[in-house]
Amino acid sequence: METPVQPIHSSEENHTTDEIYAHETTDSTLPNDGYNVSRDYVLKNSIVGPAWELVMNTSFLKKFNFFPSLLSTIYLGLIILYQLAFTYVYIFQLKDQFFGIIIQWVHTAYFWQFIGGLIIGVIIYILITPIAEWGLISLIAKRQEETSESPNVKGRIGFGVSRGLMNFLPIFEMTNLLSIFKLLSIITFYIFLLRVFGREYFMNITIFMAVYLGFAFLVNILFSYARFFIIFENKKALEAMSLSVHMALTNLEITFHLYFTLLLVYIRTFLTSIIFVVFPLLISWLFTYITVSFLQNIIITILVCIFILLLVFISHLNSVLEIFVETIWYNAYRENKKNFNALESDHHTEKSHH
663 METPVQPIHS
673 SEENHTTDEI
683 YAHETTDSTL
693 PNDGYNVSRD
703 YVLKNSIVGP
713 AWELVMNTSF
723 LKKFNFFPSL
733 LSTIYLGLII
743 LYQLAFTYVY
753 IFQLKDQFFG
763 IIIQWVHTAY
773 FWQFIGGLII
783 GVIIYILITP
793 IAEWGLISLI
803 AKRQEETSES
813 PNVKGRIGFG
823 VSRGLMNFLP
833 IFEMTNLLSI
843 FKLLSIITFY
853 IFLLRVFGRE
863 YFMNITIFMA
873 VYLGFAFLVN
883 ILFSYARFFI
893 IFENKKALEA
903 MSLSVHMALT
913 NLEITFHLYF
923 TLLLVYIRTF
933 LTSIIFVVFP
943 LLISWLFTYI
953 TVSFLQNIII
963 TILVCIFILL
973 LVFISHLNSV
983 LEIFVETIWY
993 NAYRENKKNF
1003 NALESDHHTE
1013 KSHH
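Our numbering applies: residue 663 is where the sequence shown begins, and numbers increase by one.
Dropping the structure here:
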């Protein structure tokens, strides 16, 4: 539905808000084929196009985001691997053998060192991930404001870290509030239900979790703008979430045209899961069917090297994907704010005429 606005300058015909909006955000001439063309044009030239160009031409963002992406990939893979292994043990009644292995492991010399390292790693992940994510958004915004002729190359990483630290508490709060709608939480809960109720309820649990996944997907879309309200408008977590829902519902065409970005994030999660599941299975198969220790050592070394290379490669791809997705949603937030400001200006103009 088009929203009429006041005529601009001496134009003889009224332009839609979207047409004015597109003129404000691009130097090209807007096709005059109706509302859908206008919306597609804005998406292509003001949201998705600039995001792709930024990812292709800005290397420092990839460097800034690589280590947090590596941590996220490792954390995600280990959590899913643990859940799948534990579920396999419960479903196939292998608890005695499993706990026997655990008891033997507890009495090893390196057990407590491993536990200490694991705790430190989890704390680092919990602290670094939100700081890096919101620092990345700030760096994207800063990069968008720079011109290609005079880019500001100083203090980029420090700026991103400082912005992440400044917004840590509201970011941490919002992350916890939305954690139950994250794909990792859904997978973990799904596997937990399978472990508790067993194979007899597999279909019922799967149907229920599929519905919940769809609901979580919708929630994630509606709250996609919340982080920008926190960073750029200093809103609290709950207020930012409320404003995000309002912006999403007010700009449904733009918001739901970008739903595929969440699908990309979900696909990334599944690819990471596959890597962390396949390699332990390969090693298990190796010890089962190859008994020569010399060959075992060679094959394990090769598999470990391949796994590390794939881990680095997947982490890099995840980092690039995160930058692309965050830039798309930031551009959408900026465009929607312009649209909102234009409507507010038109509203005040109409009131002044009465």
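Backbone N, C-alpha and C fix where the C-beta goes; we use that ideal spot for every residue, glycine too.
Buried versus exposed call for residue i [16 or more other C-beta atoms within 10 Å across all chains shown]
{"i": "Trp796", "result": "buried"}
{"i": "Glu715", "result": "exposed"}
{"i": "Ser630", "result": "Residue 630 lies beyond the range of the chain shown here (663 to 1016); nothing can be said about it."}
{"i": "Trp947", "result": "exposed"}
{"i": "Trp767", "result": "exposed"}
{"i": "Phe938", "result": "buried"}
{"i": "Ala771", "result": "exposed"}
{"i": "Thr791", "result": "buried"}
{"i": "Ser841", "result": "exposed"}
{"i": "Phe956", "result": "exposed"}
{"i": "Ser721", "result": "exposed"}
{"i": "Glu862", "result": "exposed"}
{"i": "Tyr951", "result": "exposed"}
{"i": "Ala872", "result": "exposed"}
{"i": "Thr989", "result": "buried"}
{"i": "Leu780", "result": "exposed"}
{"i": "Ile833", "result": "buried"}
{"i": "Asn829", "result": "buried"}
{"i": "Val717", "result": "buried"}
{"i": "Asn719", "result": "exposed"}
{"i": "Leu845", "result": "buried"}
Beta-carbon spacing of residue i, residue j below 9 Å
{"i": "Val823", "j": "Ile793", "result": "yes"}
{"i": "Ile893", "j": "Tyr874", "result": "no"}
{"i": "Phe891", "j": "Ser906", "result": "yes"}
{"i": "Phe941", "j": "Phe969", "result": "yes"}
{"i": "Ala994", "j": "Ile785", "result": "no"}
{"i": "Leu723", "j": "Leu827", "result": "no"}
{"i": "Leu798", "j": "Asn727", "result": "yes"}
{"i": "Thr934", "j": "Gly711", "result": "no"}
{"i": "Met903", "j": "Phe932", "result": "no"}
{"i": "Ile782", "j": "Leu973", "result": "no"}
{"i": "Glu835", "j": "Lys898", "result": "yes"}
{"i": "Ser731", "j": "Tyr787", "result": "no"}
{"i": "Val881", "j": "Phe821", "result": "no"}
{"i": "Leu839", "j": "Leu900", "result": "yes"}
{"i": "Ile867", "j": "Phe859", "result": "yes"}
{"i": "Tyr992", "j": "Gln806", "result": "yes"}
Neighbourhood of residue i by C-beta distance below 7 Å, restricted to the same chain and skipping five residues each side
{"i": "Met909", "result": "Tyr887 and Asn998"}
{"i": "Thr749", "result": "Ile853, Leu856 and Arg857"}
{"i": "Thr850", "result": "Ile741 and Gln745"}
{"i": "Trp774", "result": "none"}
{"i": "Ile945", "result": "Ile962 and Leu965"}
{"i": "Met865", "result": "none"}
{"i": "His671", "result": "With a pLDDT of only 40 at His671, under the threshold of 50, the placement of this residue in the model should not be trusted, and no figure is reported."}
{"i": "Leu743", "result": "Phe938, Val939 and Pro942"}
{"i": "Gly762", "result": "none"}
Cβ shell of residue i (< 6 Å), same chain only, five flanking positions each side left out
{"i": "Arg996", "result": "none"}
{"i": "Val966", "result": "none"}
{"i": "Gly696", "result": "In this predicted model, Gly696 has a pLDDT of only 45, less than 50, meaning its place in the structure is not dependable enough to derive any value."}
{"i": "Thr912", "result": "none"}
{"i": "Thr691", "result": "Unreliable placement is indicated for Thr691, whose pLDDT of 41 sits below 50; the coordinate value is still reported in the next sentence. Answer for Thr691: no residue qualifies."}
Residue i Cβ short of 8 Å to the ligand HEM heavy atom set
{"i": "Asn727", "result": "This structure simply doesn't include the ligand HEM, nor any ligand for that matter."}
For residue j and residue i, believed in contact at Cβ under 8 Å, the rounded distance
{"i": "Phe986", "j": "Ala713", "result": "6 Å"}
{"i": "His919", "j": "Leu705", "result": "6 Å"}
{"i": "Thr837", "j": "Ile883", "result": "Rounded, the Cβ-Cβ distance is 17 Å, inconsistent with contact."}
Residues near residue i in its chain [Cβ-Cβ closer than 8 Å; skip 5 each side]
{"i": "Leu619", "result": "With the chain covering 663 to 1016 only, the question about residue 619 has no answer from this structure."}
{"i": "His949", "result": "Checking the sequence, you will find Phe at residue 949 rather than His. Closer than 8 Å at the Cβ level, and outside the excluded window around Phe949, lie Gln958."}
{"i": "Arg818", "result": "Phe722, Phe726, Leu801 and Lys804"}
Let me know the alpha helix (DSSP H) ranges lying completely inside the segment 714-774, each 4 residues or longer, listed in chain order. The segment 714-774 contains these whole alpha helix (DSSP H) runs: 721-753 and 757-768.
Which runs of the beta strand (DSSP E) spanning at least 3 residues fall entirely within the segment 774-862, listed in chain order? Runs found: none.
Identify every run of the alpha helix (DSSP H) within the segment 905-934, keeping only runs that are complete inside it and at least 4 residues long; order them along the chain. The segment 905-934 contains these whole alpha helix (DSSP H) runs: 914-919.
Runs of alpha helix (DSSP H) wholly within the segment 932-999 (minimum 4 residues, chain order): The segment 932-999 contains no whole alpha helix (DSSP H) run of 4 or more residues.
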